[in-house]
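Enquirer: Sharing a structure, written as structure tokens. Questions coming.
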Amino acid sequence: MEEANAKATGELYTLQLPSKVESISALEALVEEVADKYQVSEDTFANMMTCLNEAAMNAILHGNKLDEKKTVYVNVEADSRRIVWTVADEGPGFNYNNLPDPTEPDRLEELTGRGVFILKHLADQCIFNAAGNEVELHFKI
Numbered sequence: 034m035e036e037a038n039a040k041a042t043g044e045l046y047t048l049q050l051p052s053k054v055e056s057i058s059a060l061e062a063l064v065e066e067v068a069d070k071y072q073v074s075e076d077t078f079a080n081m082m083t084c085l086n087e088a089a090m091n092a093i094l095h096g097n098k099l100d101e102k103k104t105v106y107v108n109v110e111a112d113s114r115r116i117v118w119t120v121a122d123e124g125p126g127f128n129y130n131n132l133p134d135p136t137e138p139d140r141l142e143e144l145t146g147r148g149v150f151i152l153k154h155l156a157d158q159c160i161f162n163a164a165g166n167e168v169e170l171h172f173k174i
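Counting in this note's numbering, the sequence shown runs from 34 upward without gaps.
Here's what the structure looks like:
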């Protein structure tokens with residue numbers, strides 16, 4: 034007899050991006066492909082696109098420091114219930130627990146420093162690895 038809570042069969046996608054800003058277009062194409070295939074709502078699609086852009090740009094700029102010899106690794110695991118994106122870079126990582134709050138009145142005018150805040154608020158779940166050079170973003174569909 035089959036297990037009642039068996040996992041929905043899913044697919045795995047991978048993408049390796051050189052650490053340059055132009056690589057974002059390949060990631061955007063993958064986000065669109067996965068969203069179309071799994072009939073993701075417009076709101077979830079917008080949240081995914083925003084988070085993936087933010088995570089990849091952080092990996093390219095801050096993690097790999099625009100070093101084109103370094104790679105940003107993107108993995109996607111998708112099934113009928115959720116899509117899980119993982120973005121990792123080859124940098125040393127950062128302390129994601131010790132970031133200034135971008136909603137503090139004295140930080141509202143800052144042009145940067147909102148990336149992790151955005152990820153945590155738009156994804157259903159946001160998990161960093163211990164080093165801080167990999168983030169896992171969960172979206173329910």
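We put the CB at the ideal spot given by N, CA and C, even for glycine.
1. Since K103 and D122 are thought to touch, with beta carbons under 8 Å apart, how far apart are those beta carbons, to the nearest angstrom?
2. Compare the Cα-Cα distances from A161 to each of S56, E143, V67, A88 and report the closest residue.
3. Using a 10 Å radius around the Cβ and a threshold of 16 neighbouring Cβ atoms, would you call G146 buried or exposed?
4. Which same chain residues, not among the five before or five after Y129, have their C-beta less than 7 Å away from its C-beta?
5. Considering only their Cβ atoms, is the gap separating V120 from V107 smaller than 8 Å?
Expert: In terms of the structure at hand:
1. 7 Å
2. Reading off the sequence shown, one finds Phe at residue 161, where the question assumed Ala. Nearest C-alpha to F161: A88.
3. exposed
4. V149, F161, G165
5. yes
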